[in-house]
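Sequential numbering from 1 applies to the first sequence in this note's numbering.
We put the CB at the ideal spot given by N, CA and C, even for glycine.
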Amino acid sequence: MSIYDTLNEQQREAVYHTEGPLLILAGAGSGKTRVLTHRIAYLIEEKGVNPWNILAITFTNKAAGEMRERVDNLVGFGSESIWVSTFHSTCVRILRRYIDRIGYDTNFTIYDSDDQKTLMRDICKQLNIDTKKFKERTFLGAISSAKDEMVTPAEYEVNAVGDFSKQMIAKVYWEYEKQLQANNALDFDDLLMKTVQLFQKDAEVLEYYQNRFRYIMVDEYQDTNTVQFKFVSLLAAKYQNLCVVGDDDQSIYKFRGANIQNILSFEEKFKDAKVIKLEQNYRSTGNILNAANAVIRNNHGRKDKSLWTEKGDGEKIQLHEFDTAYDEAEFIVNQIKSGCTKGNHYNDYAILYRTNAQSRIFEEKFVANNIPYKIIGGVNFYARREIKDLLSYLKTIDNARDDLAVRRIINVPKRGIGLTTVNRVQDSAQMRGIGFYEALQGLDLIPGIGRSAAKLDSFVALIEYFKGRLGKISLTDLLKEIIEMTAYVESLEAEDKEDAQARIENIDELLNKVATYEEVCAAEQKEVSLSGFLEEVALVADIDNLDEEQDYVVLMTLHSAKGLEFPNVYLAGMEDGLFPSYMCIDNPEDLEEERRLCYVGITRAEQELVLSCARMRMVRGETHYNRLSRFVKEIPEDLLEKEEKLFSVKEEKDSAVQTAFKQAKQAFTQKPFTTYASPLMTGAKQFAVTKEKGLDYTIGDRVRHIKFGVGTVKDIVEGGRDYEVTVEFDTAGVKKMFATFAKLKKEE
DNA sequence: CCTCCCAAGGTTTTT
DNA sequence: CCTTGGGAGG
């Protein structure tokens with residue numbers, strides 16, 4: 001009996017098909033990771049392929065680690081020389097070796113989205129762009145999409161002819177590229193794009209990697225974008241041994257440039273591709289699976305497949321509707337709590353939601369109930385101020401060409417170097433076409449620097465000192481020395497006693513990460529390098545920190561949950577406007593992507609699935625009244641177990657409005673949440689508003705709102721200082737708002 | 001040059 | 001609601 005006997009027929013077929021292009025359409029929970037790992041094992045054991053010749057690309061570092069481990073268990077040896085990593089890590093490894101062939105230093109830094117934003121702000125200032133009219137984020141978004149599609153600034157410019165705003169973007173794109181290169185920095189998208197450019201430009205490098213990676217596997221192929229496709233195609237061009245695994249129904253990253261055509265037209269792009277469908281689901285119960293099938297069936301233009309399971313129906317899917325998000329959270333946390341007193345583990349549970357903002361309320365409840373939990377995503381650890389500061393020191397020491405990093409820390413902690421001085425240095429550097437740090441080293445050439453020169457000198461001396469320590473002491477000690485010599489912790493304490501504590505804990509955490517990095521390098525006999533550490537830091541996703549062994553409840557967005565599974569899953573916030581997001585509601589294509597996201601969510605559950613929604617929810621300080629998500633309505637009723645009367649569809653609309661309104665009334669009169677009265681007092685601002693003389697619309701009128709579109713006025717209540725207007729919008733649901741703010745226009 | 005305070009604007013999802 | 005950025009005063 002061999003390890004391959006445990007596979008089903010289709011899985012085995014996929015494993016045995018080793019030569020030539022192969023597309024595996026793997027439905028959720030159909031054991032695709034099993035197929036990939038067994039396939040790798042088969043290549044090594046039965047086909048005598050050198051592990052060195054195998055490349056497997058996964059979606060997260062975590063998945064990469066798991067895959068390596070599982071192959072290890074199957075093969076027993078050699079798995080360490082298989083190259084398993086994400087697209088981004090793979091590209092960085094290649095670029096660290098060869099990027100000098102296209103005009104960068106191999107010790108380039110990687111800019112995260114914060115860095116990109118800072119750089120873009122600078123650029124807009126330099127180009128005298130009014131950021132009120134043209135947003136930085138618009139430029140960054142356009143540039144990112146361009147890079148996903150491998151469009152260079154020059155090409156962008158050509159396409160922009162006759163279009164003013166595109167020309168504007170082209171101009172910014174040029175400058176952005178120029179400054180990245182000057183800073184010897186790459187953004188996330190560059191990692192892919194530059195690698196492909198390197199391959200295209202340098203046949204020698206390309207051939208080297210083509211020969212090296214004779215067998216290529218790509219997981220989550222439905223979420224690849226154009227540049228990733230190009231990357232893979234180039235690598236596989238010589239031997240054609242490309243195996244991609246994906247599920248078009250789980251394509252959820254279009255906003256990031258994922259091109260669903262990559263999977264839909266794989267067979268055209270790679271002639272003679274074999275296609276294998278995996279349709280047996282090993283994860284979920286029948287009810288869960290049927291619900292998922294029922295939802296996704298409403299999408300068009302998908303590859304036809306239907307998942308089935310040998311498992312029984314299992315429990316019905318629970319549906320709970322609450323008045324407030326607060327009640328929702330309380331219910332869920334209590335249910336988990338009682339489940340755990342009955343013998344379940346915390347890590348049997350996951351709470352999934354559409355937006356990160358939803359996590360906060362759960363967090364409060366978990367803290368109050370003393371239940372261990374972990375929130376994945378949200379504010380990135382490495383984006384915290386104190387962490388970025390310290391990393392900027394390390395970046396400056398590692399690559400002093402990174403102007404952004406140098407400028408960030410030049411006056412952190414405070415050294416009396418002000419904006420005026422920094423600008424003088426900056427101008428001088430720009431004038432002479434040199435880097436910021438370089439300019440600091442020749443201060444006498446900068447006009448008007450005067451008294452600041454001494455301070456700048458000692459800053460340079462400090463950095464130079466640290467550079468000298470590099471290689472002499474461990475990275476951990478270097479970081480400790482930075483913290484001590486700059487008195488960083490003391491300065492934190494001086495500026496704010498309150499959150500200094502939390503920040504110091506974060507710094508300790510960073511020290512731990514450095515130490516871990518050094519230990520891992522030592523264990524794997526890899527060279528410890530500052531660049532190596534910084535790179536690892538730049539490429540971690542929060543999901544990589546998820547540890548299934550640890551006993552905590554996991555909370556994360558639906559996007560983060562892709563590829564994971566849990567015995568009990570809560571899908572919270574199943575409300576139209578939240579999920580599907582109001583951003584997508586009137587675009588059929590976007591709505592389909594939301595539906596796929598819902599499909600992903602449902603199929604995470606193994607045994608128990610609980611859907612919930614809240615009639616009333618605070619979003620950005622505004623109260624929203626939403627209806628039950630349309631996706632829930634797509635689930636056949638006989639799969640659901642719900643409180644009675646919930647689904648009396650005809651009534652539902654009116655009663656929702658009614659109860660919502662009652663709730664609102666209560667909320668306004670009783671103000672039950674005053675405990676959190678903050679000095680900012682958004683409420684106070686509202687009360688300060690003077691009532692308009694009158695309204696030019698009345699109940700029953702059609703009105704237009706700048707964001708929510710057209711709707712019908714349902715009610716107007718005269719408050720002390722303003723009118724409270726209730727409007728049922730055609731697409732955005734029922735909203736209650738103050739007339740002064742809503743600025744409703746009567747539709748003629 | 002620094003600090004504090006206020007206003008405005010922004011949130012869907014992320015490697 | 002929360003963060004960020006700009007402006008005024010010390």
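How close, in whole Å, do the beta carbons of residue i and residue j come, if the pair is a contact with beta carbons under 8 Å?
i: TYR111; j: LEU186; result: 7 Å
i: ILE463; j: THR396; result: 6 Å
i: TYR253; j: ASP272; result: The Cβ separation is near 29 Å, so there is no contact.
i: SER629; j: ASP576; result: 5 Å
i: GLN280; j: ASN545; result: The Cβ separation is near 32 Å, so there is no contact.
i: TYR221; j: VAL205; result: Contact flag wrong, Cβ pair sits at about 24 Å.
i: TYR754; j: ILE94; result: The requested residue 754 is not part of the displayed model; the chain covers only 1 to 748.
i: ASN50; j: ARG401; result: So it is not a contact: roughly 39 Å between Cβ atoms.
i: ARG781; j: THR109; result: The requested residue 781 is not part of the displayed model; the chain covers only 1 to 748.
i: CYS613; j: MET574; result: 4 Å
i: VAL489; j: ILE483; result: 6 Å
i: SER171; j: LEU127; result: The identity of residue 171 in the sequence shown is Lys, whereas the question assumes Ser. At roughly 7 Å, the Cβ-Cβ gap stays under 8 Å, so LYS171 and LEU127 are in contact.
i: ASN299; j: GLU592; result: 5 Å
i: LEU391; j: VAL537; result: 7 Å
i: ARG617; j: ALA325; result: 5 Å
When the distance is taken between beta carbons, is residue j closer than 8 Å to residue i?
i: TYR599; j: ASP249; result: yes
i: ALA28; j: TYR353; result: no
i: GLN607; j: GLY286; result: no
i: ILE543; j: LYS194; result: no
i: ILE371; j: VAL333; result: yes
i: ALA56; j: VAL15; result: no
i: VAL92; j: ILE44; result: no
i: LYS388; j: SER491; result: no
i: PHE631; j: ARG604; result: no
i: LEU443; j: ASP427; result: no
i: ASP148; j: GLY257; result: yes
i: LEU278; j: THR309; result: no
i: GLU728; j: GLY700; result: no
i: VAL196; j: PHE231; result: yes
i: GLY563; j: PHE59; result: yes
i: VAL713; j: TYR697; result: yes
i: GLU518; j: LEU475; result: yes
i: GLU641; j: ILE317; result: yes
i: ILE410; j: TYR393; result: no
i: GLY435; j: ASP403; result: yes
i: LEU534; j: ASP730; result: no
i: VAL71; j: THR33; result: no
i: LEU235; j: ILE263; result: no
In this structure, what does DSSP give as the bridge partners for residue i?
i: ILE276; result: ILE24
i: ASN225; result: ALA258
i: TYR349; result: ASN568
i: MET616; result: THR324 and TYR625
i: LYS746; result: VAL703
i: TRP52; result: For TRP52, which the question treats as bridged, DSSP gives no partner whatsoever.
i: GLY435; result: Partner(s): none; GLY435 has no beta bridge.
i: LEU242; result: ILE216
i: THR58; result: THR86
i: GLU641; result: GLN318
i: VAL109; result: Here residue 109 turns out to be Thr, not Val, going by the sequence shown. Per DSSP, ALA185.
i: GLU608; result: ASN568
i: LYS374; result: VAL554
i: ILE336; result: In DSSP, ILE336 forms no bridge with anything.
i: LEU127; result: Per DSSP, none; premise fails for LEU127.
i: ILE473; result: LEU470
Do the segment 14-31 and the segment 226-241 make contact, defined as three or more Cβ pairs closer than 8 Å? Output reads yes: the segment 226-241 touches the segment 14-31.
Quick test of the definition: if touching needs 3 or more C-beta pairs under 8 Å, does the segment 360-379 touch the segment 541-559? In this structure the segment 360-379 lies against the segment 541-559, because at least three pairs of beta carbons, one per stretch, are closer than 8 Å.
Mind pulling the alpha helix (DSSP H) runs of 4 or more residues that sit fully within the segment 519-605? Runs of the alpha helix (DSSP H) lying entirely within the segment 519-605, each at least 4 residues long, are 530-539 and 588-602 in chain order.
Would you call the segment 339-350 and the segment 506-515 touching, i.e. three or more CB-CB distances under 8 Å? As far as the Cβ criterion goes, the segment 339-350 does not touch the segment 506-515, which means the pair count is below three.
Tell me the start and end of each unbroken alpha helix (DSSP H) in the segment 168-236 that is at least 4 residues and wholly inside, in chain order. Qualifying alpha helix (DSSP H) stretches, in chain order: 188-201, 203-212 and 226-236.
Counting only runs that start and end within the segment 292-325, where is the beta strand (DSSP E) found for 3 or more residues in a row? Runs of the beta strand (DSSP E) lying entirely within the segment 292-325, each at least 3 residues long, are 317-324 in chain order.
Three-pair Cβ contact test at 8 Å for the segment 317-326 versus the segment 523-531: As far as the Cβ criterion goes, the segment 317-326 does not touch the segment 523-531, which means the pair count is below three.
Say whether the segment 144-161 touches the segment 206-221, bearing in mind that this needs 3 or more beta-carbon pairs closer than 8 Å, one atom from each stretch. No, the segment 144-161 is not in contact with the segment 206-221.
Just list the alpha helix (DSSP H) runs in the segment 405-452, keeping only unbroken ones of 4 residues or longer that don't cross its boundaries, in chain order. Listed in chain order, the complete alpha helix (DSSP H) runs (minimum 4 residues) inside the segment 405-452 are 419-432 and 436-441.
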